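The sequence shown begins at -19 in our numbering and counts up by one.
For each residue, glycine too, the CB sits at the ideal point set by N, CA and C.
Keep in mind the model is a prediction, meaning the values are calculated, not measured.
The next block holds one structure in the form of C-alpha cells; read it before the comments.
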Amino acid sequence: RVCAYRWHIEDAMPFHKSIKFTIEHGHANEYKADYSSVAYWYQSEPHAAFPDLPELKTQQPIPPPLKLQGAIEGESLVAGAKATNGTVTVQNMADYGPQWSGNGQLWWQPTKAGEEMTTSFKAPKAGQFIMVVYFTKAGDYGRIQVLVNGEPVGSEVDLFNGGVVNSGPVSLGKVTLKEGANALTLKVTGKNASSGGYLSGIDAILLK
C-alpha cells in the first residue's frame, strides 16, 4: 500500500466557487490501479450551505473510454514517429471530453510550415481502402496534407477550431496499401489566419 500527501501551503491554490482535482494514473493515465482521495480546505466564513452529498447508490462508476471498433489508435503510432521539427508524444485527451478513442492521441508540435512527421501503420492486406481519419482541432493547430507511402491522399485539412474538439470522421478517399507496414506522413502546409500555431493530432484511423 502507498500513501501520498500533497500540501499546498507555500503554493496555495485559491478558488471562489469550485475547484476540480484529478489524479494521474501513471504517465499518460495508462496505469490501472485502485485510487481514492480526500481533500481538506480552509473555508472563509460565512458561506452558503453546502449541498447534500449524493446517496451512494446514485453514484455511477466512470464509463470506460470510447473505443472505435477496428481503429488504428493514434497513440500506437507515436513510438516509430520521426519529425523534421517538433516533438511527437501521446497526449491524454480525457480532460477535453469523451469523444477521443482510447482517451488519447498522437500529438505533433511543429513550429513552422513545411515540416513533416512520418510514422507507419499496418494494413491487414494489400489493396484499395477508404482511409478515414479522426483528427483533433484546436486554436493553435495548423493545416496539413496527409501522404501515404509518399503520395498525397485527400485534400488539405484545416485543423483550426476555437476550442479543442474531435474532428469526427474525415474521409481522405481511396488509398492503395501494401500488406503490412505503410508510411504515413503529415506535412504542415500552413495555418488558418486565426490559428496560434502549427500543431496537429491524430486520434484514430479507420481503413474500410
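The continuous stretches of beta strand (DSSP E) do not include residue 11, and DSSP gives it neither H nor E. DSSP, reduced to helix, strand and coil, places residue 83 within a helical segment of the structure shown. Among the bridge pairs identified by DSSP, residue -14 is matched with none. Looking at 98, 47, 16, the one whose alpha-carbon comes closest to that of residue 130 is 98. By the Cβ test, the region 164 to 175 is in contact with the region 83 to 103, since at least three Cβ pairs between them sit closer than 8 Å.
A straight line joining the alpha-carbon of residue -14 with that of residue 67 spans about 30 Å. A Cβ-Cβ contact shorter than 8 Å links residue 141 with residue 118. At least 8 Å separates the beta-carbon of residue 186 from that of residue 61.
The Cβ atoms of residue 72 and residue 8 sit closer than 8 Å to each other.
Counting only residues of its own chain and dropping the five nearest sequence neighbours on each side, residue 127 has a CB closer than 6 Å to the CB of 165.
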